[in-house]
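Residue numbers (the working numbering): 55 to 262. Encoded as structure tokens, the structure appears first; notes follow it.
Listed below in structure tokens is the structure:
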């Protein structure tokens with residue numbers, strides 16, 4: 055059961071839709087969902103959705119995205135993440151989610167100093183790689199017939215199938231990884247609004 059906000063950010067829409075070339079599209083994504091907040095019939099439908107959440111749902115999640123365009127980097131597409139709300143009753147979770155729709159969440163509101171956290175991400179993608187690069191198997195001798203960056207024997211005659219433990223060619227990189235027990239030593243206060251530079255690396259704007 056989904057409920058979308060009035061205005062879905064432009065750099066978030068490209069991640070949530072199947073239209074990969076945003077500037078060529080008609081930009082109609084989420085326009086019907088946002089119109090629900092403007093008329094009475096749509097508001098009744100939204101309230102009905104929230105009542106169904108309170109009655110039937112056991113888990114409440116919110117969809118959040120980063121404000122990637124505030125930092126001047128090459129990437130423009132936002133990181134989109136579905137976050138599960140824990141603690142309290144279903145009524146408390148729905149109330150908290152409604153209060154924070156279309157509002158930015160500060161890092162200091164989520165994490166604190168000296169906390170231990172786990173970092174989740176993906177490794178650098180390498181594409182389709184051979185068995186020597188992927189599993190670091192030993193290269194065969196120089197005069198080997200039909201190539202030497204191979205595995206010489208991939209198993210016995212019977213059982214008549216290749217075991218999953220045998221090194222094979224395939225995808226390397228772009229794998230899901232979790233690094234545990236990372237400590238937060240300090241959370242920065244923010245950036246200067248006039249210079250858009252970090253307050254740690256540059257002096258205040260008044261002294262420049």
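Every residue gets a Cβ at the ideal spot worked out from N, C-alpha and C, and that includes glycine.
Let me check one thing: in DSSP terms, what residues is residue i bridge-paired to?
i, result
"residue 107", "In DSSP, residue 107 forms no bridge with anything."
"residue 240", "Per DSSP, none; premise fails for residue 240."
"residue 198", "Answer is none; residue 198 lacks a bridge partner."
"residue 226", "181"
Less than 8 angstroms between the CB atoms is what I'm expecting for residue i and residue j, so what's the real figure, rounded?
i, j, result
"residue 119", "residue 66", "4 angstroms"
"residue 188", "residue 223", "6 angstroms"
"residue 161", "residue 228", "The Cβ separation is near 26 angstroms, so there is no contact."
When you compare only the Cα positions, how much space is there between residue i and residue j?
i, j, result
"residue 235", "residue 179", "24 angstroms"
"residue 95", "residue 146", "26 angstroms"
"residue 93", "residue 100", "11 angstroms"
"residue 262", "residue 104", "Caution is warranted here: a pLDDT of 38 is assigned to residue 262, below 50, making its placement in the model unreliable, and the coordinate value is therefore given only provisionally. So the two alpha carbons sit approximately 51 angstroms from each other."
"residue 165", "residue 225", "35 angstroms"
"residue 131", "residue 90", "26 angstroms"
"residue 129", "residue 199", "46 angstroms"
"residue 106", "residue 149", "14 angstroms"
"residue 163", "residue 233", "22 angstroms"
"residue 170", "residue 124", "27 angstroms"
"residue 126", "residue 152", "31 angstroms"
"residue 181", "residue 78", "29 angstroms"
"residue 220", "residue 238", "40 angstroms"
"residue 242", "residue 112", "36 angstroms"
"residue 141", "residue 108", "15 angstroms"
"residue 82", "residue 110", "31 angstroms"
"residue 191", "residue 209", "15 angstroms"
"residue 102", "residue 230", "38 angstroms"
"residue 154", "residue 201", "60 angstroms"
"residue 216", "residue 143", "50 angstroms"
"residue 97", "residue 86", "13 angstroms"
In chain order, what residues of the same chain lie with their CB nearer than 7 angstroms to the CB of residue i, ignoring the 5 residues before and after it?
i, result
"residue 265", "Lying before the first or after the last residue shown, residue 265 is absent from the chain, which here runs from 55 to 262."
"residue 186", "193, 203"
"residue 255", "Below a pLDDT of 50, predicted positions are generally treated as unreliable, and residue 255, at 49, falls in that range; the measurement from the model is reported next regardless. Result list for residue 255: empty, nothing under 7 angstroms."
"residue 240", "167"
"residue 206", "194"
"residue 184", "203, 223"
Which same chain residues end up closer than 6 angstroms to residue i when comparing Cβ atoms and leaving out the 5 residues on each side of it in sequence?
i, result
"residue 49", "Outside the shown range of the chain (55 to 262) lies residue 49, about which nothing can therefore be said."
"residue 139", "114, 147"
"residue 258", "Because the pLDDT of residue 258 is 46, which lies under 50, any placement of that residue in the model is unreliable, and the number read from its coordinates should be weighed accordingly. Result list for residue 258: empty, nothing under 6 angstroms."
Report yes or no: is there a C-beta of chain B within less than 7 angstroms of the C-beta of residue i?
i, result
"residue 177", "In the structure shown, chain B cannot be found, because there is only a single protein chain."
So, at 8 angstroms on beta carbons, what are the nonlocal neighbours of residue i in its own chain, with the 5 sequence-adjacent residues on each side left out?
i, result
"residue 159", "118"
Within the stretch 111-152, ranges of the beta strand (DSSP E) (whole runs, at least 3 residues): 115-119, 134-138
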